[in-house]
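Asks: Provided herewith is a single structure, encoded as structure tokens, for subsequent inquiry.
As structure tokens, then:
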């Protein structure tokens, strides 16, 4: 066999081929990693958006059916007003660090065939506690010592949550109050604005109009 027939790759050629292959493989791995990270980020954003939409729909539904029905605590004492906001929560099952953003009675609690021993009204509280916005409700309007309550966490990992209440319009500008009730009236506010502060993100502010209010005794 002649020397001319015994052709092959030289060592520099092999090294260059390995270098090119390594560069292609590294690029492919990096692109794959970017795709996986993007998928994970989209999943987080999608879950966050779904939670936000569910929470907004729930708050909107609650406030659209507010009724002016005052409730009593476990000692039989009436609360200061039928609609309260941004005040310290009180009662037998309240955490020390929670802040009451809004509390009221709403109508429209479905009870098909009146099978449950309760009315169609429901007492609802929105509280901020330990970095979470929580919806709390109970089966009966007036509080009892051993009555069960239901809590639903709407948002977690918050830096803060605030609520302000719409008084009305004055000289073309909206007037807001940091607390409710204000002196001189027991009616609910016209609207409620909730601001959620989260680390590394811009604050989220949502406005909820309060529906036509029915006065109940």
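Residue numbers (full-length UniProt numbering): 1 to 217.
All C-beta atoms in this analysis are idealised placements derived from N, C-alpha and C, irrespective of residue type, glycine included.
If you're wondering where the values come from, they're calculated on a predicted model, not measured in any experiment.
Which residue's Cα is closest to the Cα of residue 74: 137, 30, 67, 142?
Replies: 142
Asks: What does the alpha-carbon distance come out to for the pair residue 108 and residue 202?
Replies: 34 angstroms
Asks: What is the DSSP secondary structure of residue 59, reduced to helix, strand or coil?
Replies: helix
Asks: Please state whether the Cβ-Cβ distance between residue 221 and residue 106 is less than 8 angstroms.
Replies: Only positions 1 to 217 of the chain appear in the structure, and residue 221 is not among them; the question remains open.
Asks: Return the CA-CA distance between residue 144 and residue 110, expressed in angstroms with no decimal places.
Replies: 22 angstroms
Asks: With residue 197 as the anchor, note down where its beta strand (DSSP E) starts and where it stops.
Replies: 191-198
Asks: Taking the alpha-carbon positions, what's the residue 119 to residue 34 distance?
Replies: 54 angstroms
Asks: Hey, quick one: how far does the beta strand (DSSP E) through residue 165 stretch, first residue to last?
Replies: 158-170
Asks: DSSP three-state call for residue 206: helix, strand or coil?
Replies: strand
Asks: Output yes or no for whether 8 angstroms exceeds the beta carbon distance between residue 97 and residue 130.
Replies: yes
Asks: Should the stretch 55-65 be called in touch with the stretch 203-210, which here means at least 3 C-beta pairs below 8 angstroms?
Replies: By the Cβ criterion, the stretch 55-65 is in contact with the stretch 203-210, since at least three pairs of Cβ atoms, one from each stretch, lie closer than 8 angstroms.
Asks: Roughly how many angstroms lie between the CA atoms of residue 85 and residue 48, to the nearest whole one?
Replies: 26 angstroms
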